[in-house]
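Trainee: As they're listed, the protein sequences go chains D and H.
Take our numbering: the last position of the first sequence gets the number 661, and nothing is skipped along the way.
Take our numbering: the last position of the second sequence gets the number 316, and nothing is skipped along the way.
Here's a structure for you.
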Amino acid sequence: MEEGLLVRRIREGTVVDHIPPGRAIAVLKVLGLWPPRPNGHRIAVVFNAESRKMGRKDIVKVEGYHVGEAESRAIALVAPTATINVIRNGVVERKWKAEPPEEVEGLLSCPNPTCISRKPGEPIKPRMRLRSREPLEYRCVYCGTPVRGGDVERYLTV
Amino acid sequence: MGGFRVLESFRGRDVISILDFTRRELEELFEVADEAWKLARARPLRGRILALAFFEPSTRTRMSFESAMKRLGGETLLVAGEEAISVAKGENLADTVRMLDAYSDAIVIRHRFEGAALYAAEIAESPVINAGDGRQHHPTQAMLDLYTITKLFGGVDGLTIGVLGDLRYGRAAASFLLGLTLFKPRMVYLISPPQLRPRRELLDELKSRGLRFQEAELADVLEELDILYVTRIQRERFPDPSEYEKVRGSYRVTLDMLERQAKRELKVLHPLPRVDEIDYRVDGSRFQAYFTQARLGVPLRMALLMGVLGGEA
Ligand SMILES: [Zn+2]
Chain D
504 MEEGLLVRRI REGTVVDHIP PGRAIAVLKV LGLWPPRPNG HRIAVVFNAE SRKMGRKDIV
564 KVEGYHVGEA ESRAIALVAP TATINVIRNG VVERKWKAEP PEEVEGLLSC PNPTCISRKP
624 GEPIKPRMRL RSREPLEYRC VYCGTPVRGG DVERYLTV
Chain H
4 MGGFRVLESF RGRDVISILD FTRRELEELF EVADEAWKLA RARPLRGRIL ALAFFEPSTR
64 TRMSFESAMK RLGGETLLVA GEEAISVAKG ENLADTVRML DAYSDAIVIR HRFEGAALYA
124 AEIAESPVIN AGDGRQHHPT QAMLDLYTIT KLFGGVDGLT IGVLGDLRYG RAAASFLLGL
184 TLFKPRMVYL ISPPQLRPRR ELLDELKSRG LRFQEAELAD VLEELDILYV TRIQRERFPD
244 PSEYEKVRGS YRVTLDMLER QAKRELKVLH PLPRVDEIDY RVDGSRFQAY FTQARLGVPL
304 RMALLMGVLG GEA
C-alpha cells in the first residue's frame, strides 16, 4: 500500500481500499462511522491516492473495527470497486472484493415520487432488491421502479 | 355446515399483485366463483367485517367488493370520499391501517401511491387486498379479466389477445398482462400510442416470464384477435396535463371497424369506466363482453373473500 508514508500501518482493524475517488466519506457513512465520535475509532482517510488500476482512489482505515460480510455488501453499493482487508495481529487475515447486497434497506431511495416509500410522514424505509449484478440494477420492493448502474449513486441516501 | 372448505391456500393471504398467485390457484378461484351464488346461501361470512379504504375515487370496484361481502352475509366498514381525504390529511397511512386492522377482519385498500397496499400489508395483521395502488397493480381486476375470458372461451391458452390503450399508466392493463404470463396465450399484441407504450420494467417482466408478445398497430392485427382488451387513458396519472391533451382521443374502437375486420367470435373487454375508447354502438353487438365482465366482478370477489376470510367464523 503505497500510501504507507502518510498513515501508519494498523495492527487491528480494517482497510477499505480501491474506493472510487470521492466516495470515502460515503463508505464511512454506511459503516455508521460518520460523523466521527470524539471517543470513537481511530480513522484514517486518504483521498485521491495513486492507483495503478484506477488512476486515483480513496482509502479508509479504521482501527479496532473488523468489517463483516453484511457491511461489505453495503460498502459495495457506495463503492463498487472496493476491496476489504481485515487485519488482525498486524497481518491481513482476510481480503475480499465487496459484492452488492441482495436487498438494501434505507440506503437507496426510490426515484418514483409517487412511491409509498417517498410519502412524507410515513414510518417507512425505502427497500430495493437486486435484480441484476451486471449491469447493476436494483428494483424498488414497493413500486418496482428500477435504479440502474450509474444512477445508483444519485439515489444513495448517504 | 360449520366451516366451509374452499381455497385453502388463499386463507389469510394478502392480495397485492396478480403474480402472488399460481395458475392453479387462479383456476381454483374461478371454479369457486362459478359456485359463488350457491355457496352464498349459507351466509358463510356472517359476523365478519371487511374494511374498504378508498383513498382514490372509485365506484365500481368499491361497490363490487361491498356487494360481494354483503351477499356472503358479512358487513363492511367504509372509508371513502371526503372522509378518506380528511383521514389521509390528518394522519399517516400507517396509523389509519392500524385502526382499520383493529376494526375489521380484512382490509381492501385503494391508494394513489404505488406500493401502498404492500406497505399496508406489512403493518396490518389482517389480510390486505389491493384494489389499486397508483399505476402499479390491480390484482382483483386481473383475476376478473382472466375469469371472464375463461367463461367466454373455456380458458386462456391458445388465444390471440390485443391489449389496446394506456399501457404506461394503466394499472388494469399492466396487471392483466402480468396475469397473462401465468397462462399460454398464442400471442399478445400491445397496441398503444407511442407516448403510452409500456414502461421498460413491464416489458422486461413479460419477456423474462416467457410471454409471447409484440407491439403492433390495431389495423394490422385486428383480424387475428379473439380478445380485444381496451383501456382508457389514465388522465389523472399524467405528470403533465399538456401531454394528456396530445393523446386524448387517439384511439377508438368502432362497430364499423369490428364488422369490417374482426372475427365474428371476437369479444371486446374493458375494465370500465370508459371515456370514448369504445363507440356506444358496440354495446348492443355480439362483440360486447365488457358488461358481462363487469357482472362477473361480484362472484369473483365473493370467491376471493371466501378464500381469504374463509374457515370458521
Ligand atoms: Zn418505489
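Here a beta-carbon is modelled for each residue, glycine too, at the ideal position from N, C-alpha and C.
Give the residues from the stretch 104-122 of chain H that approach chain D closer than 8 Å (Cβ to any Cβ), ordered along the chain.
Mentor: 114, 115, 116, 117, 118, 119, 121 and 122
Trainee: Counting beta carbon pairs with one atom in the stretch 510-519 of chain D and one in the stretch 582-601 of chain D, are three or more of them shorter than 8 Å?
Mentor: With the rule of 3 Cβ pairs closer than 8 Å, the stretch 582-601 of chain D counts as touching the stretch 510-519 of chain D.
Trainee: If we ignore side chains and look at the alpha-carbon of each, how far apart do residue 657 of chain D and residue 579 of chain D end up?
Mentor: 15 Å
Trainee: Could you check which residue in H/286, H/94 and H/90 has the C-alpha nearest to that of residue 271 of chain H?
Mentor: H/286
Trainee: Could you please tell me which residues of the stretch 615-626 of chain D, in chain order, have their CB closer than 7 Å to any CB of chain H?
Mentor: For the stretch 615-626 of chain D, the set of residues with a beta-carbon nearer than 7 Å to any beta-carbon of chain H comprises 615, 617, 618, 619, 620, 622, 624, 625 and 626, in chain order.
Trainee: At what residue ranges does the stretch 99-145 of chain H contain a whole run of the alpha helix (DSSP H), taking only runs of 4 or more?
Mentor: 119-126
Trainee: Got a sec: does ligand 1 put a non-hydrogen atom nearer than 6 Å to the Cβ of residue 635 of chain D?
Mentor: no
Trainee: When you compare only the Cα positions, how much space is there between residue 599 of chain D and residue 576 of chain D?
Mentor: 11 Å
Trainee: Let me confirm a value: residue 217 of chain H is counted as buried when at least 16 other C-beta atoms fall within 10 Å, else exposed. Which label applies?
Mentor: exposed
Trainee: For residue 52 of chain H versus residue 108 of chain H, is the C-beta distance shorter than 7 Å?
Mentor: yes
Trainee: Could you tell me whether the Cβ atoms of residue 165 of chain H and residue 194 of chain H are closer together than 7 Å?
Mentor: Closer than 7 Å, so yes.
Trainee: For residue 133 of chain H, count neighbouring C-beta atoms within 10 Å of its own C-beta (all shown protein chains included) and say buried if the count is 16 or more, exposed if not.
Mentor: buried
Trainee: Check each candidate in D/628, D/627, D/637 and D/533 and name the one with the smallest Cα separation from residue 573 of chain D.
Mentor: D/533
Trainee: Can you tell which of H/161, H/275, H/48 and H/282 has its C-alpha closest to the C-alpha of residue 191 of chain H?
Mentor: H/161
Trainee: Strictly under 7 Å for the Cβ-Cβ distance: is residue 649 of chain D near chain H by that measure?
Mentor: Interface with chain H (7 Å Cβ-Cβ cutoff): residue 649 of chain D is included.
Trainee: I need the residues with a C-beta less than 6 Å from some heavy atom of ligand 1; please give them in chain order.
Mentor: D/613, D/615, D/618, D/620, D/643, D/645, D/646, D/648 and H/118
Trainee: Spell out a yes or no on whether the stretch 14-34 of chain H and the stretch 75-92 of chain H are touching, meaning 3 or more CB-CB pairs, one atom from each, closer than 8 Å.
Mentor: no
Trainee: For residue 13 of chain H, which residues of its own chain have a beta-carbon under 6 Å away from its beta-carbon, when the five flanking residues on both sides are left out?
Mentor: 310 and 311
Trainee: Mapping DSSP to helix, strand and coil, what is residue 309 of chain H?
Mentor: helix
Trainee: At what residues does the beta strand (DSSP E) containing residue 616 of chain D begin and finish?
Mentor: Counted as a single uninterrupted DSSP element, the stretch harbouring residue 616 of chain D is not any beta strand (DSSP E), since DSSP gives it neither H nor E.
Trainee: I need the boundaries of the beta strand (DSSP E) containing residue 165 of chain H, first residue and last residue.
Mentor: That run of the beta strand (DSSP E) goes 163-167.
Trainee: Identify whether residue 300 of chain H lies in helix, strand or coil by the three-state DSSP scheme.
Mentor: helix
Trainee: Report the rounded CA-to-CA distance for residue 209 of chain H versus residue 647 of chain D, giving the unit in angstroms.
Mentor: 14 Å
Trainee: What three-state label does DSSP hand residue 591 of chain D in the structure shown?
Mentor: Residue 591 of chain D falls in the strand class under three-state DSSP.
Trainee: With distances taken from CA atoms, which of D/571, D/604 and D/583 is nearest residue 522 of chain D?
Mentor: Cα-wise, what sits closest to residue 522 of chain D is D/583.
Trainee: Between D/546, D/542 and D/524, which lies nearest to residue 531 of chain D when the distance is taken from Cα to Cα?
Mentor: D/546
Trainee: Chain H partners of residue 645 of chain D, CB-CB under 9 Å?
Mentor: 116, 117, 118, 119, 121, 122, 136 and 139
Trainee: When DSSP labels each residue in this structure, what does residue 259 of chain H get in the three-state scheme?
Mentor: helix
Trainee: Could you list the residues in the stretch 204-215 of chain H with a C-beta less than 7 Å from some C-beta on chain D, going in chain order?
Mentor: 204
Trainee: Within the chosen definition, does the stretch 256-266 of chain H reach the stretch 213-232 of chain H through at least 3 CB pairs nearer than 8 Å?
Mentor: yes
Trainee: Work out the CA separation of residue 529 of chain D and residue 313 of chain H for me, nearest whole Å.
Mentor: Rounded to the nearest whole angstrom, the C-alpha separation of residue 313 of chain H and residue 529 of chain D is 50 Å.
Trainee: For residue 250 of chain H, I'd like the list of residues in its chain whose CB is within less than 7 Å of its CB, leaving aside the five on either flank, ordered along the chain.
Mentor: Only residues of its own chain outside the window of five on either side were considered, and among them 196, 198, 199 and 236 have a CB closer than 7 Å to the CB of residue 250 of chain H, listed in chain order.
Trainee: When the Cα atoms are used, what is the spatial distance from residue 212 of chain H to residue 54 of chain H?
Mentor: 34 Å
Trainee: Could you round the C-beta distance between residue 115 of chain H and residue 68 of chain H to whole angstroms and report it? I think they count as a contact, below 8 Å.
Mentor: Contact flag wrong, Cβ pair sits at about 18 Å.
Trainee: For residue 198 of chain H, does the three-state DSSP call read helix, strand or coil?
Mentor: helix
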